[in-house]
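Report on the structure given below.
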Amino acid sequence: MTPARSPAHLHLAAAAGLSVLLSSCASFSPDVGVNIAAQAARHEFGKDAVALRSDEDSDWARSRMEQLLSRPLTIDSAVEIALLNNRGLQAAFNGLGVAEAIMAREKLPPNPTLAFSRIAGPLGSEVEGAIVANILALATLPVRAEIADERFRAAQFDAAAETLRLGYEARRAYIRAVGAREIAGSIGEVNQSTQAVAALTRRLGETGAASRLDQARDQLSSAEAATRLASARLQASNERERLIRVLGLWGMELDFALPNALSPPPSRPRSLPYLEQDAVGRRIELRTAHAELRAFAKMLGLVEATRFVNLFELSGGHKVKTESVPNSESGLTETTRFRFSGGAAAIEVPIFDFGETKVREAQQSWLAAVNKLTKKAVDVRSQARQAYRNYRYAHEIAQFKKREILALQAIVSEEMLRRYNGMLVDAFPLLENARRRVLLQAAAIEVKRDYWLAETDLRAAISGPAEAIGGMAGEGAAELGVERP
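Structure representation (structure tokens):
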């Protein structure tokens, strides 16, 4: 005789069946969650960041990159190539895909446990089956799904931060490469003038019109100029290689053209009255920290709600028992079959600490997230102010170089030429002035480069991440072999 199934058993079986059904349904976004990174790139650079998931995507990116490389590179095209071709960014997008898979797994109901056993002997056998469902995991599934969503959102912001970092790195590498190329060209003019002076002095020395001291002095200047030119050309080559690495180029792609000079700074600097507010509202790492904080807060609530129960499982089972008993009267063996059904519950209670350790861990993790967010907000405000001061300083220096120093040098050159035409001075002061003028131009190029680097740092300080914020060019002219006049 088989006893009738109780409603509780039917509900347990339905819950287990629903869990099995839902466990097979894991959904993924078409773009693997790259939409936030793409929006950030479009907002900051006006370019698209694409996760290359198929041969068609790779072919399109390669075609677009070849089109951009066929023309002289601009700062915008350099950023676009980096976003399309840098494999480090694609690896970050792959990591985002891993994070999405983890999120999908965390949002799935717990798998039911199915157990079967059979025991047989000479007088009978037992066949038993059971289904075990983790009711606590099912009950907390909505909250755990929300926590998984917040953690994946934080991973999306991390990918967006890597996208912005790469874009600003590409801008900075482009500025340095073009600036080094322009400075090398200017120092090349210095080298030509010093070589001309040295050659003229040598010829005059052969006629006795130039002393040995003058010849040695001009030969020394010529040798120093040649050394500076070699250093500047090496620096230009190194900066080009740095740009190549950021863009991810190799092979035939290395034969791209750069402009000969950076564009001049604007006449007026940007005015940012709401600088700190914009930085706090837009910095990507603050958005990441907010998502992490929300995840910790929800985890704390979940832990506090389940602190007294670690495990709650319900199980339903069915057993069939078969016994073979010899009949003494007939001499035959009679087989009797019994059926049993029932349920069981298992609850794990933390009797030694009543969940205090879990709650304490969750509380401290949440407080740590709060303090980290506060620290980041303070850092963001400070970085924005510092970047803006550097930007204004670089703009003022660039304008001062153009308005005062180069203008005064032009007057000096004009007067020197007038005196030479009036035979008041010989050719040596004129050539020396020409060399000094070119050195001043090289220093002005360096200042112009520093302005564009400071402008990039300011943009990075407003949108982030912190890794994308550089600083004022450190070594300046000495780094590129420019002699301060």
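26 is the number of the first residue of the sequence shown in my numbering; add one for each residue after it. Just so it is clear, CB atoms sit at the ideal spot from N, CA and C, and this is done for glycine as well. Given the structure is predicted, the values throughout are model-derived calculations rather than measurements.
Going by DSSP, R78 is part of no alpha helix (DSSP H) at all; its letter is neither H nor E. Secondary structure of V222 (DSSP, three-state): helix. Apart from sequence neighbours up to five positions away, the residues of its chain that approach F379 with a beta-carbon distance below 8 Å are R332, F333, ordered along the chain. If you draw a straight line from the Cα of D174 to the Cα of T382, it is about 25 Å long. Note that the C-beta distance between L268 and A185 is not below 8 Å. For P167, the secondary structure class from DSSP, reduced to helix, strand or coil, is helix. Counting only the Cα atoms, R364 lies some 58 Å from A116.
Across the set F70, L274, Q388, the C-alpha of Q388 shows the shortest separation from the C-alpha of K323.
Bounds of the alpha helix (DSSP H) holding R312 are 309 to 330. Judged by DSSP in its simplified three-state form, S83 adopts helix. In the structure shown, the three-state DSSP call for K132 is coil. If you check the CB distance, G213 and L254 come in under 8 Å. Secondary structure within the segment 340 to 406: the beta strand (DSSP E) runs of 3 or more consecutive residues, fully enclosed, are 358 to 373 (chain order). The beta-carbon separation of L272 and A195, rounded to 7 Å, stays under the 8 Å limit for a contact. D56 is the residue among S296, D56, M448 whose C-alpha sits nearest the C-alpha of S79. When the five nearest sequence neighbours on each side are left out, the beta carbons in the same chain lying within less than 7 Å of the beta carbon of A251 are those of N216, in order along the chain. When beta bridges are read from the DSSP output, G146 appears opposite G149. Counted as a single uninterrupted DSSP element, the stretch harbouring F53 is not any alpha helix (DSSP H), since DSSP gives it neither H nor E. Beta-carbon to beta-carbon, R258 and A221 are separated by about 20 Å, too far to satisfy the 8 Å threshold. Counting only runs that start and end inside the segment 422 to 454, the alpha helix (DSSP H) elements of at least 4 residues fall at 431 to 446. R362 is the residue among L94, R362, Q424 whose C-alpha sits nearest the C-alpha of E151.
Buried is the label assigned to I494, since at least 16 other Cβ atoms lie within 10 Å of its Cβ.
For V271, the uninterrupted alpha helix (DSSP H) segment begins and ends at 237 to 272.
Of the other Cβ atoms in all chains shown, fewer than 16 fall within 10 Å of the Cβ of Y299; this residue is therefore exposed.
Look at T99 here: in three-state DSSP terms it is coil, with no helix or strand label.
The beta carbon of V437 sits closer than 7 Å to the beta carbons of N458 from its chain, once the five residues preceding and following it are set aside; these are given in chain order. Between L483 and Y418, the gap from beta carbon to beta carbon reaches 8 Å or more.
Burial of R176 is indicated by the presence of at least 16 other C-beta atoms within 10 angstroms of its C-beta.
Secondary-structure assignment with DSSP links N159 through a beta bridge to E338.
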